[in-house]
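In my numbering, the protein residues as written are 161 to 389. Structure first, then comments.
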Amino acid sequence: MQFTHGTYALRHADGSLHLPTNPAKGEHREMARHSFLAGIRARGSIMAGNTDLKEQLAAAFVTAAEAHAFAFTQVDGKDDDWAYWYAKILQQALSKILGRNLTRTQIVICLFAIEDERLARFGAEEPWPQLYAEHFRTMFASDEPDNRPKLALYYYPECPYCQRVLKAIADTGTEVELRHIWDEPQHRTDLQAARGRTTVPVLRITGSDGDRWMPESTDIVRYLQERAG
């Protein structure tokens, strides 16, 4: 898989464009890493008063995209191992924003999952930072003790992936409303309206900021386990 995010120009603090004449490939990578760290610091000062977790995450992804575009400018941004590159460069920033130590493996898995979801639902032209931010917030942000979201699972019993999630619900003792999409047509209609398809399982997470829809049994199981602590 080749992955190309939009090209971003990297600039100095004074706004001047930072593009060396003919750097070697290794120099591109190292300069990109330093540019990313500088960008995170710059955006960090801007975002310091912003308590919106999603916006902080989106800003980190945009900064990483700028660094990635610069690091791979000689190949027009193409990078088969993009998720591993992003995981390496974002691990510290995402861990700080989310208040937990994320492993690179966790980040890589989430990056592949949300990119597949983006392409399947919206196509390659759909803006990605906000989608990525929402996915990482859903997967890793801690719920407020007095404001835990309501959970509803869209499923049908014969689905083996649904059974995997049902087992995780039982094992973690999580309170989840079960919504059988074949017994109740309205559940299927709601799922179709929200996601454009009726594949299950899908976990609907309803909080003070609205609904979030989580597909993929592996992600749902991981979410339930993380939530149970």
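A virtual CB, placed ideally from N, CA and C, is assigned to each residue, including glycine. Note that this is a predicted model, so its numbers are computed, not measured.
Exercise. Quick one: any contact between the region 306-322 and the region 357-375, if contact means 3 or more CB pairs under 8 Å?
Worked result: yes
For this session: With a threshold of 16 other CB atoms inside 10 Å of the CB of residue 368, please say whether the residue is buried or exposed.
Result: Within the sequence shown, numbered from 1, the residue matching residue 368 stands at position 208. It is exposed - the Cβ of residue 368 has fewer than 16 other Cβ atoms within 10 Å.
For this session: For the beta strand (DSSP E) containing residue 372, list its first residue and its last residue.
Result: For the purposes of this step, residue 372 is taken as the residue at position 212 of the sequence shown. It spans 370-375 - the beta strand (DSSP E) in which residue 372 sits, taken as one unbroken run.
Problem set entry | Exposed unless 16 or more other CB atoms sit within 10 angstroms - verdict on residue 242 | Sequence index remark: in the sequence shown, residue 242 carries index 82 (1-based). Classification for residue 242: buried.
For this session: Inspect the beta-carbon positions of residue 299 and residue 386 and report whether they are closer than 9 Å.
Result: As a first step, residue 299 must be located in the sequence shown, where it is residue number 139. As a first step, residue 386 must be located in the sequence shown, where it is residue number 226. A contact, by the Cβ cut-off of 9 Å.
Exercise. Considering residue 315, what are the terminal residues of the alpha helix (DSSP H) in which it resides?
Worked result: The residue you call residue 315 lines up with position 155 of the sequence shown. First-last for residue 315: 310-315, but that is the beta strand (DSSP E), not the alpha helix (DSSP H).
For this session: Rank 220, 226, 327 and 228 by C-alpha distance to the C-alpha of residue 292 and give the top, closest one.
Result: Within the sequence shown, residue 292 is the residue found at index 132, counting from 1. Taking only the C-alpha atoms, the option nearest residue 292 is 220.
Exercise. How far does the alpha helix (DSSP H) with residue 265 in it reach, from first residue to last?
Worked result: Looking up residue 265 in the sequence shown gives position 105. Segment 264-281, the alpha helix (DSSP H) holding residue 265.
Problem set entry | Short Cβ contact (9 Å threshold) for residue 278 with residue 356 | The sequence position of residue 278 within the sequence shown is 118, counting from 1. The sequence position of residue 356 within the sequence shown is 196, counting from 1. No. Outside cutoff.
Problem set entry | residue 366 in three-state terms, based on DSSP | For this step, residue 366 is matched to residue 206 along the sequence shown. Residue 366 falls in the strand class under three-state DSSP.
Exercise. Are residue 248 and residue 260 touching if we call contact CB-CB under 9 Å?
Worked result: Numbered from 1 along the sequence shown, position 88 holds the residue referred to as residue 248. Numbered from 1 along the sequence shown, position 100 holds the residue referred to as residue 260. Contact: no.
Exercise. Which whole-angstrom value is the C-beta distance of residue 334 and residue 388, which I expect to be below 8 Å?
Worked result: Along the sequence shown, read from residue 1 onward, the residue named residue 334 stands at position 174. Along the sequence shown, read from residue 1 onward, the residue named residue 388 stands at position 228. Their Cβ separation, rounded to whole angstroms, is 6 Å, which keeps residue 334 and residue 388 in contact under 8 Å.
Exercise. Can you pull the DSSP bridge partners for residue 260?
Worked result: Against the sequence shown, residue 260 aligns to sequence position 100. Note: residue 260 sits in no beta bridge, so no partner.
Problem set entry | Given residue 218 as reference, the closest of 267, 228, 296 and 344 once Cα atoms are compared | In the sequence shown, the residue the question calls residue 218 occupies position 58. When only C-alpha atoms are compared, the closest one is 296.
Problem set entry | Supposed contact pair residue 224 and residue 376 - C-beta distance, whole angstroms, cut 8 Å | For the purposes of this step, residue 376 is identified with residue 216 of the sequence shown, where counting begins at 1. For the purposes of this step, residue 224 is identified with residue 64 of the sequence shown, where counting begins at 1. Going by Cβ atoms, the distance from residue 376 to residue 224 rounds to 23 Å, so no, they are not a contact pair.
Problem set entry | Nearest-angstrom beta carbon gap, residue 267 and residue 250 [assumed within contact, 8 Å] | Along the sequence shown, one-based indexing puts residue 250 at 90. Along the sequence shown, one-based indexing puts residue 267 at 107. Confirmed, Cβ separation roughly 6 Å.
Exercise. For residue 339, which of helix, strand or coil comes out of DSSP?
Worked result: Residue 339 sits at position 179 when you count from the first residue of the sequence shown. Strand.
For this session: Kindly indicate which residue of 318, 381 and 244 has the alpha-carbon position closest to the one of residue 341.
Result: The residue given as residue 341 occupies position 181 in the sequence shown. Cα-wise, what sits closest to residue 341 is 318.
Problem set entry | residue 240, DSSP secondary structure in three states | Taking the first residue of the sequence shown as position 1, residue 240 is located at position 80. If DSSP states are grouped into helix, strand and coil, residue 240 belongs with coil.
Exercise. Expressed to the nearest angstrom, what Euclidean distance is found between the alpha-carbon atoms of residue 332 and residue 366?
Worked result: Here residue 332 refers to the residue found at position 172 when the sequence shown is read from its first residue. Here residue 366 refers to the residue found at position 206 when the sequence shown is read from its first residue. Distance between the alpha carbons of residue 332 and residue 366 is about 19 Å.
Exercise. Looking only at its own chain, which residues have a Cβ that is under 6 Å from the Cβ of residue 289, when we skip the five neighbours before and after it?
Worked result: Taking the first residue of the sequence shown as 1, we reach residue 289 at position 129. Closer than 6 Å at the Cβ level, and outside the excluded window around residue 289, lie 218, 221 and 222.
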